[in-house]
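Numbering (my numbering), first residue to last: 12 to 192. Think of the CB as a built atom: it goes at the ideal place given N, C-alpha and C, for glycine as much as any other residue. Okay, structure first, notes after.
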Ligand code: HEC
């Protein structure tokens, strides 16, 4: 039969093992966080730079935006044209201008260009300094200004400013802004 002292020693060992295991689980404030910025953190650590982890951005929902947040950055004239525009005419413009050869509103159909499924939500998040209407406006008139990751540059025709009238452009953008959750 084991002596009381041996049992106590055994118990102490078990407690110490548990404490050591718990110690290993305690979060280390200096450790990298598993976050979308992990790559940046590791890079900064290598360069012995200070690592600042920004909060993960929360996606903006188009439906939550006020009208002036939707059109911020557009000229007053174009914002007025957009407010009076007709989305159903815009769908016809998309067809007549050949956009739908490269874009689809079906989330499962990726053509040469990105899907237009929920495009207004996408546009509200692509560039933090651009409102969704302004982003879509520049995507159509100056496609090279921002190239969507994973898609080819210099494929979308760069001359829509010359071939689509301001009225049709307003209808087209009004139609694209109806694509949201
Ligand atoms: C020949 C193919 C082609 C045609 C035609 C075309 N596009 Fe594109 N479009 C692209 C490609 C490729 C991209 C992604 C690369 C880039 O950002 O320039 C793109 C990007 C876009 C974007 C940005 C989408 C996003 O997810 O950020 C919008 C908006 C857009 N196009 C609208 C239009 C409109 C409106 C028309 C018609 C007036 C049109 N496109 C015609 C190929 C095309």
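Taking C-alpha atoms, which residue in the options lies nearest to residue i?
i	options	result
residue 66	57, 75, 49 and 90	49
residue 153	143, 168 and 160	168
residue 9	192, 117, 108 and 61	Lying before the first or after the last residue shown, residue 9 is absent from the chain, which here runs from 12 to 192.
residue 94	77, 120 and 172	77
residue 123	55, 164, 156 and 180	164
residue 72	187, 18 and 133	133
Just verifying my parser: in three-state terms, what is the DSSP assignment at residue i?
i	result
residue 174	helix
residue 72	coil
residue 51	helix
residue 119	coil
residue 93	helix
residue 84	coil
residue 182	helix
residue 188	coil
residue 140	coil
residue 133	helix
residue 162	coil
residue 103	helix
How would you label residue i, buried or exposed, when you count the other beta carbons within 10 angstroms and need 16 or more for buried?
i	result
residue 104	buried
residue 177	exposed
residue 141	buried
residue 53	exposed
residue 106	exposed
residue 119	exposed
What is the rounded straight-line gap between the Cα of residue i and the Cα of residue j?
i	j	result
residue 189	residue 130	8 Å
residue 101	residue 191	16 Å
residue 46	residue 16	49 Å
residue 147	residue 51	30 Å
residue 91	residue 184	13 Å
residue 112	residue 173	19 Å
residue 195	residue 89	Since the first residue shown for the chain is 12 and the last is 192, residue 195 is missing from the structure and cannot be characterised.
residue 179	residue 186	10 Å
residue 59	residue 19	48 Å
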